[in-house]
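Novice: Right, I'll just put the structure down here and ask away after.
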């Protein structure tokens with residue numbers, strides 16, 4: 001016999017802590033913003049941005065920087081109804 005609602009396993013995380021990317025957020029956003037302002041042929045790839053971060057001391061992974069860059073693009077994208 002199964003008891004409904006007796007034990008419920010649930011996990012909800014409110015915010016992602018960003019342990020490696022957090023302290024470098026300003027530098028990453030600066031590089032992404034500067035890169036976005038360049039002509040398409042002059043833009044750096046994400047791997048080049050990651051290599052630049054490594055040169056100045058970032059210890060995080062490429063995947064962490066990539067996930068942050070994807071989220072940043074979504075946040076910085078203008079709302080569609082404002083573009084019309």
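In full-length UniProt numbering, the protein residues as written are 1 to 84. Built from N, CA and C at the ideal position, the CB exists for glycine as well.
(1) Give the DSSP-derived three-state secondary structure of residue 87 in the structure shown.
(2) How do the region 8-21 and the region 40-48 stand: do at least 3 beta-carbon pairs fall below 8 angstroms, yes or no?
(3) Would you call the CB atoms of residue 69 and residue 49 closer than 9 angstroms?
(4) In chain order, what residues of the same chain lie with their CB nearer than 6 angstroms to the CB of residue 21, ignoring the 5 residues before and after it?
(5) Rounded to the nearest angstrom, what separates residue 75 and residue 52 at their Cα positions?
(6) Here's the rule: buried if 16 or more other CB atoms are within 10 angstroms of the residue's CB, otherwise exposed. What is residue 31?
(7) For residue 27 versus residue 56, is the C-beta distance shorter than 9 angstroms?
(8) Taking just the CA atoms, how far does residue 24 sit from residue 77?
Specialist: So, from the data block:
(1) Residue coverage of the chain in this structure runs from 1 to 84, which leaves residue 87 outside it and unanswerable.
(2) no
(3) yes
(4) 60, 64 and 68
(5) 23 angstroms
(6) buried
(7) yes
(8) 21 angstroms
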